[in-house]
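Visitor: Same order as they appear, the protein sequences are chains A and B. For this note's numbering, add 48 to where a residue sits in the first sequence, where the first one is 1. For this note's numbering, add 40 to where a residue sits in the second sequence, where the first one is 1.
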Amino acid sequence: MKSIKPILAGAALAMGLTGAAQADDPLEVGFIYVGPVGDFGWSYEHNQGRLAVEEHFGDAVETTFVESVPEGADAERVMTQMALEGADLIFSTSFGYMDPTNAVAARFPNVRFEHATGYRRDHSNVSTYSARFYEGRAVIGTIAGHMTETNKVGYIASFPIPEVIRGINSAYIHAQRVNPDVEFKIVWVYTWFDPAKEADAATALIEQGVDVIMQHTDSPAAMTIAEEQGIFAFGQASDMAQFGPTARLSSIIDNWSPYYIERTQAVLDGTWESTDTWDGIEPGMVEIGEIADSVPAEVRAEAEALSASIESGEYHAFTGPLNRQDGSVWLAEGETADDGTLAGMDFYVEGIEGEIPN
Amino acid sequence: MLTLEKRAQPSRAWSLMTPILAVVLTMIAGGIMFALLGKAPLEAIRTIFWDPIFGEFSFYYRPQILIKAGPLILIAIGLSLGFRAGIWNIGAEGQYIMGAIFGAGVGLAFYPADLWFIFPLMVLAGALGGILWAMIPALLKTKFGTNEILVSLMLVYVAEHILSAVSFGALRNPDGHGFPGSRNFQQYEAASNPEIIAGSGMHWGVITAFIAVIGAYILLNRHILGYQIRLTGQAPRAARFAGVRPNLLITFCLGASGALAGLAGLFEVAGPAGQISIDFNSGYGFTAIIVAFLGRLHPFGILLAGLLMALTYVGGDIAQSNLGLPAAAIQAFQGMLLFFLLGMDMLTNFRVRLKQAEAV
């Protein structure tokens, strides 16, 4: 791959120049998705962000996307293809695209890259962005704590990475705060999107007496099972209301639209810079879906108040006193977690049973 | 009235013609599908089949076709040996994963040493990983008569779990901030599998695939083992009388296909993919089954089929981003190719006759 770089960089440069010469050309924005846009979860919401960009900018921007792109060599090819065909800005929307994104960015210095959920910004044309989903987890954790009658909340977890562990901790802390007897049953499915496995996990949890299910996987399978079995669940990534009209209590929605519009605008204005963004409820990157009527009014009010206090910055979802699972002190009274610890979180908080698989 | 009459001998002419006919029919049916999706059919077909080879950016796409075709051809060649003898290894995907894990494991064990023998050692480990994984169905079949289709397929899921486990555990990048996935081999020269001539797409995996094509051709046509493979497929009982030892043949066919799949995995992880990660495998082991049949289980047929399949992948992704075709439409298009090919098989084995209905 080494000596292909000058050729490609040359081609990119040539295109950059033609792009500058014809100022009326629409800005081209490419999106690459790891799943199908019809997954009703992760990739679906990124595509909603793309559609929002199209709607917001009209003729000034043209978008393209490629869905279901495996991480690795294929991702590198698809991003190179987009850059060659004239993309000015590329959103690569999966953690596994991290190395390919930086490799392609090295070859196309005039194209801007935005990589979701990663940490590598090797070049000045790469930005990273992610959402503080744990803030949303705090809100739905509160609802779950109130709504469970068996005091058992099921949690379908994907992979034991800091992102997922953070979500479990945040949900547990807030469920436990409103219901000291609550217990979390956690199942690791080792996939982001596999409706069959997610459904199996949901069934297994229900057999263990769980009556509220939370999930950190992308398909609505668990919601469908919850609806069939007459228990409660939360939408994940997207609202999922159509899959559980009576089961759905609320949802955490990934809303990428404001960020995508802002970054596209920055390229149009010539103010785009390499940044690292980690936004939560406040700018609207994390949204709490409408709370269902099955939730009592006082619980709803409590959840909304919590959401509002996180939004205003008055409350941090990880505020001490909090201990680690082994009983050692993590945060003293009133202390809040720093981003560094959160980004690398590899421990459960006190009260959660079981071990994080390794 | 049309009737079918079985040919005494499969027609040689039709057997050569049908792949071409299948491609043409796929273009027609696919074109209709694209038109129904509201896309210009000719433009879609041009984007998929023409642009990657002759279009504006073909200097980039042509090498990419080789990169995509390499593992498909390598795996399909191995599978075709067994398929010819009626030994159905469906688990090449698992052998591919294990080859990658073994090879990457050896490479990472030496990090950051810079020694000439690291890469050759990884190649051996990759082949060994594939062989060992394929020996499980081979052993169970020869000792206990289990069905190799089920066992090899189930072992794919086991391999996927092992892949997850090592991505989080043994092979995880210690500098990776706790995220899953190994170090990137593209940044570890002694263990990487870069293009031999930069910009050509030719890495060791592609070269090995070409060697495998020639090797398989010689084996099947010039070697007693190849004769035994063909004979076992055509007449298992006769093969026994001819002195074929079935257990040895099963072990050889599964071992060879496992070795080639393992090699494909190693070359991919050390080259284009770059790292072991939870989603390292992307279905080459399954697609190679299609490639093997598309190529008529013939080495040179597989070479062409692998290149054609790779072309539809590369072209399909271009069509997605440039024309807005959904990924599912591209997959349906690839499915049509196999469907028409198998459908056309009928013409090889049967003769279509126009016959007058007889009055009773």
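Yeah, the Cβ is synthetic: ideal placement off N, Cα and C, and Gly gets one too.
Could you tell me whether the Cβ of residue 291 of chain A comes closer than 8 Å to any Cβ of chain B?
Guide: Working through the first sequence from its first residue, we reach residue 291 of chain A at position 243. Not closer than 8 Å to any Cβ of chain B, the Cβ of residue 291 of chain A fails to qualify, so no.
Visitor: Going by C-alpha distance, which of B:54, B:365, B:72, B:115 is nearest residue 301 of chain B?
Guide: Here residue 301 of chain B corresponds to residue number 261 of the second sequence, with the count starting at 1. Closest option to residue 301 of chain B, Cα to Cα, is B:115.
Visitor: From the DSSP output, which residues share a beta bridge with residue 43 of chain B?
Guide: Within the second sequence, numbered from 1, the residue matching residue 43 of chain B stands at position 3. Answer by DSSP bridge pairing, in chain order: B:393.
Visitor: So, residue 316 of chain B versus residue 232 of chain B, is the Cβ gap smaller than 8 Å?
Guide: Counted from its first residue, the second sequence places residue 316 of chain B at position 276. Counted from its first residue, the second sequence places residue 232 of chain B at position 192. It is not a contact, given that the beta carbons lie outside the stated cut-off.
Visitor: Going along chain B, which residues have a C-beta under 9 Å from residue 208 of chain A?
Guide: Working through the first sequence from its first residue, we reach residue 208 of chain A at position 160. Simply 208, 220.
Visitor: Count Cβ pairs between the stretch 359–379 of chain B and the stretch 145–156 of chain B that sit closer than 8 Å; are there 3 or more?
Guide: Between the stretch 359–379 of chain B and the stretch 145–156 of chain B, the count of Cβ pairs shorter than 8 Å is below three; the stretches do not touch.
Visitor: Ignore the nearest five residues each way along the sequence and tell me which others in residue 287 of chain A's own chain have a CB closer than 7 Å to its CB.
Guide: What you label residue 287 of chain A is simply residue 239 of the first sequence in a count that begins at 1. Contacts found: 299, 301, 337.
Visitor: Please report the residue range of the alpha helix (DSSP H) in which residue 223 of chain A lies.
Guide: Here residue 223 of chain A corresponds to residue number 175 of the first sequence, with the count starting at 1. Its alpha helix (DSSP H) spans residues 210–226.
Visitor: Let me know the secondary structure DSSP gives residue 207 of chain B once reduced to three states.
Guide: Indexing the second sequence from 1 puts residue 207 of chain B at position 167. The DSSP-derived three-state label of residue 207 of chain B is helix.
Visitor: Would DSSP call residue 150 of chain A helix, strand or coil?
Guide: Here residue 150 of chain A refers to the residue found at position 102 of the first sequence. Here residue 150 of chain A sits in helix by DSSP.
Visitor: Mind checking if residue 217 of chain B is an interface residue toward chain A, Cβ cutoff 8 Å exclusive?
Guide: Here the question's residue 217 of chain B lines up with position 177 in the second sequence. By this cut-off, residue 217 of chain B is an interface position.
Visitor: For a test of the three-state rule: what should DSSP assign to residue 143 of chain B, helix, strand or coil?
Guide: Reading the second sequence from its first residue, position 103 is the one you call residue 143 of chain B. Residue state for residue 143 of chain B is assigned as helix, using DSSP reduced to three classes.
Visitor: With H, G and I counted as helix, E and B as strand and the rest as coil, what does DSSP make of residue 87 of chain A?
Guide: For the purposes of this step, residue 87 of chain A is taken as residue 39 along the first sequence, with counting starting at 1. Looking at residue 87 of chain A - three-state DSSP - the assignment turns out to be helix.
Visitor: Expressed to the nearest angstrom, what Euclidean distance is found between the alpha-carbon atoms of residue 280 of chain B and residue 291 of chain A?
Guide: For the purposes of this step, residue 280 of chain B is identified with residue 240 of the second sequence, where counting begins at 1. For the purposes of this step, residue 291 of chain A is identified with residue 243 of the first sequence, where counting begins at 1. Straight-line Cα distance between these residues: approximately 58 Å.
Visitor: Residues of chain A with CB closer than 7 Å to the CB of residue 313 of chain B, please, in chain order.
Guide: Within the second sequence, the letter at position 273 stands for residue 313 of chain B. Those are 120, 121, listed as they occur along chain A.
Visitor: Less than 8 Å separating the beta-carbons of residue 298 of chain B and residue 174 of chain B?
Guide: In the second sequence, residue 298 of chain B corresponds to position 258, counting from 1. In the second sequence, residue 174 of chain B corresponds to position 134, counting from 1. Yes, Cβ-Cβ distance for residue 298 of chain B and residue 174 of chain B is below 8 Å.
Visitor: So does the stretch 190–210 of chain A actually touch the stretch 161–172 of chain A, counting three or more Cβ pairs closer than 8 Å?
Guide: no
Visitor: Would residue 47 of chain B and residue 269 of chain B be called neighbours here (beta carbons separated by less than 8 Å)?
Guide: Mapped onto the second sequence, residue 47 of chain B falls at position 7. Mapped onto the second sequence, residue 269 of chain B falls at position 229. It is not a contact, given that the beta carbons lie outside the stated cut-off.
Visitor: Cα separation between residue 408 of chain A and residue 217 of chain A?
Guide: Any question about residue 408 of chain A goes unanswered here, given that chain A covers just 49 to 406.
Visitor: Cβ of residue 406 of chain A less than 8 Å from any chain B Cβ?
Guide: Here residue 406 of chain A corresponds to residue number 358 of the first sequence, with the count starting at 1. Chain B, which has a Cβ nearer than 8 Å to the Cβ of residue 406 of chain A, makes this yes.
Visitor: Against chain A, does residue 224 of chain B count as a neighbour if the rule is that its beta carbon must be under 8 Å from one of theirs?
Guide: Counted from its first residue, the second sequence places residue 224 of chain B at position 184. Output row for residue 224 of chain B: interface = yes.
Visitor: Using only alpha-carbon positions, find the residue among A:123, A:362, A:83 that is nearest to residue 382 of chain A.
Guide: To locate residue 382 of chain A, count along the first sequence from 1; it is residue 334. Comparing Cα positions, the closest option is A:362.
Visitor: Rank B:324, B:105, B:202, B:131 by C-alpha distance to the C-alpha of residue 111 of chain B and give the top, closest one.
Guide: Position 71 of the second sequence, counted from the start, is the residue given in the question as residue 111 of chain B. Cα-wise, what sits closest to residue 111 of chain B is B:324.
Visitor: Based on Cα-Cα distance, which residue from A:205, A:236, A:186 lies nearest to residue 224 of chain A?
Guide: Counting from one through the first sequence, the residue named residue 224 of chain A turns up at place 176. Ranking A:205, A:236, A:186 by Cα distance to residue 224 of chain A puts A:186 first.
Visitor: As an exercise, report each continuous alpha helix (DSSP H) stretch of at least 4 residues that is fully enclosed by the stretch 218–296 of chain A, in chain order.
Guide: 243–255, 269–277
Visitor: In terms of alpha-carbon separation, which member of A:180, A:196, A:275, A:317 lies closest to residue 391 of chain A?
Guide: Counted from its first residue, the first sequence places residue 391 of chain A at position 343. Residue 391 of chain A has its Cα closest to that of A:180, out of A:180, A:196, A:275, A:317.
Visitor: Determine, using beta carbons only, whether residue 394 of chain A comes closer than 8 Å to chain B.
Guide: Locating residue 394 of chain A in the first sequence gives position 346, counting from the first residue. For residue 394 of chain A, the answer is yes, since a Cβ of chain B falls inside 8 Å of its Cβ.
Visitor: Identify each residue in the stretch 235–251 of chain A for which the Cβ-Cβ distance to at least one residue of chain B is less than 7 Å, and report them in chain order.
Guide: 238
Visitor: By the three-class DSSP mapping on this structure, what secondary structure does residue 163 of chain A have?
Guide: Locating residue 163 of chain A in the first sequence gives position 115, counting from the first residue. Strand at residue 163 of chain A.
Visitor: Does residue 367 of chain B get closer than 8 Å to chain A when you measure Cβ to Cβ?
Guide: As a position in the second sequence, residue 367 of chain B is number 327, starting the count at 1. Chain A, which has a Cβ nearer than 8 Å to the Cβ of residue 367 of chain B, makes this yes.
Visitor: Rank B:289, B:92, B:107, B:83 by C-alpha distance to the C-alpha of residue 308 of chain B and give the top, closest one.
Guide: In the second sequence, counting from the first residue as 1, residue 308 of chain B sits at position 268. Answer by Cα proximity: B:107.
Visitor: Is residue 396 of chain A buried or exposed, if buried means 16 or more other CB atoms sit within 10 Å of its CB?
Guide: The sequence position of residue 396 of chain A within the first sequence is 348, counting from 1. So residue 396 of chain A counts as buried.
Visitor: Do you know offhand how far residue 228 of chain B's Cα is from residue 104 of chain B's?
Guide: One-based indexing of the second sequence puts residue 228 of chain B at position 188. One-based indexing of the second sequence puts residue 104 of chain B at position 64. Spanning the two alpha carbons is a distance of roughly 22 Å.
Visitor: How many angstroms separate the CA atom of residue 148 of chain A from the CA atom of residue 365 of chain B?
Guide: Residue mapping note: residue 148 of chain A aligns to position 100 of the first sequence, counting from 1. Residue mapping note: residue 365 of chain B aligns to position 325 of the second sequence, counting from 1. C-alpha separation (whole angstroms): 23 Å.
Visitor: How should residue 136 of chain A be labelled, buried or exposed, when 16 other C-beta atoms within 10 angstroms of its C-beta is the threshold for buried?
Guide: Numbered from its first residue, the first sequence carries residue 136 of chain A at position 88. So residue 136 of chain A ends up on the buried side.
Visitor: DSSP puts residue 77 of chain A in a beta bridge; with which residues?
Guide: Here residue 77 of chain A refers to the residue found at position 29 when the first sequence is read from its first residue. According to DSSP, residue 77 of chain A bridges with A:111, A:137.
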